[in-house]
Amino acid sequence: MTNEQEFSLVHFTDITSKVASLSPPYKLDMILEMFDEITKLFHCLGAAMSFATSDVTQKLAHVRNRTQEMLDAGILKGDRADVTLQKDVMLAEKKMNWHMSGSDGIDKKGKEFQNASRSIIRLTWFLDFVYEMVAYMRANETETLPTAVKYAYNKVLADRHSMMIRNAFKVAVIICPSKDTFLTKVSGNLTQEQVNAMWVTCEENMKKISDMLWAFYKSEGMENLP
């Protein structure tokens, strides 16, 4: 039986398939469940992605905390389980102009009070990173895992990070596990055929989800929040 704290390719395939099959707006809890699994995937990449593991965990906490605060304040109505990412959380923050607060938090109350919308955008960066990494590995089977990680980082995250983080990544990626070690961690007891099929499905799902999320962000002018 798989430890619930470990990445499950079966669960990741299942949750991305569920999200990809829906029409927006997405239930917030379902989106957060997907990002919880991405956090576990980053653990499988070791110290090379420790900054990402920490960042995703922090951003997930921001989204959950802001959502609960809006529910408690009556800004969002209904049950927590019915809250949607786009229609409820992000548009509610936009209406109150919270979405334009930066890293110093809503009303400059501090980093722990960063708005949910900013965090959701940054979580989507990491979804795109995983998509690019998986797509690269499937298209370049003889390349190493560090090469795939570097490719995805440079394509998705490098231009969004400071020079200090970029330099730290260049050092950390050297100790990335081998591709065999990584694939063994994420595959569990699955056969190679099952693993290949699931990665294909995950890749398709991630692309569809990302495209729909970015379409929404751009339609609301929220794709480049501070």
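Here full-length UniProt numbering is used: position 52 in the sequence shown is 52, and no number is missing along the way.
No residue lacks a Cβ here, since even glycine has one placed at the ideal position from N, Cα and C.
- Rounded to whole angstroms, the gap between the alpha carbons of D55 and F42 is 11 angstroms.
- Between V89 and L76, the C-beta spacing is below 9 angstroms.
- Below 8 angstroms, enough C-beta pairs join the stretch 84 to 101 and the stretch 115 to 133 to call them touching: three or more.
- DSSP lists T84 as the bridge partner or partners of K27.
- Take S210, set aside five residues on each side of it, and the residues of its chain with a beta-carbon closer than 8 angstroms to its own are T124, L127, D128 and Y131, in chain order.
- Across the structure, A139 and H99 are spaced so that their CA atoms are roughly 38 angstroms apart.
- With contacts defined by Cβ atoms closer than 9 angstroms, S219 and L9 do not form a contacting pair.
- Taking the Cα positions, F35 is about 22 angstroms away from A172.
- With 16 or more other CB atoms across the displayed protein chains lying within 10 angstroms of its CB, E37 is buried.
- Straight across, the Cα-Cα distance linking K59 with N65 is about 10 angstroms.
- The Cβ atoms of S178 and T144 lie closer than 9 angstroms to each other.
- Sequence-distant partners of H161 (beyond 5 residues in either direction) whose C-beta falls short of 8 angstroms from its own C-beta, in its chain, are F169.
- With a cutoff of 9 angstroms on beta-carbon distance, D159 and R80 are scored as not near each other.
- Counting along the chain, F113 sits inside no alpha helix (DSSP H), nor does DSSP assign it H or E at all.
- Judged by their CB atoms, A47 and I165 are not nearer to each other than the 9 angstroms cut-off.
- Counting only the Cα atoms, L71 lies some 9 angstroms from V83.
- Looking only at C202, Q86, E112 and A215, the smallest Cα-Cα distance to K27 is reached by Q86.
- Separation of the CB atoms of T16 and N205 is rounded to 4 angstroms, and the pair is thereby assigned contact status at 8 angstroms.
- For D180, the closest of G78, L45 and V200 by C-alpha to C-alpha distance is L45.
- For R122, the closest of P25, E6 and E223 by C-alpha to C-alpha distance is E223.
- Nearest neighbour of Y217 by Cα position, chosen from I120, V149 and M96, turns out to be I120.
- Short of 7 angstroms from the beta carbon of V134, and not among the five residues preceding or following it, lie these beta carbons of its own chain, in chain order: W199, C202 and E203.
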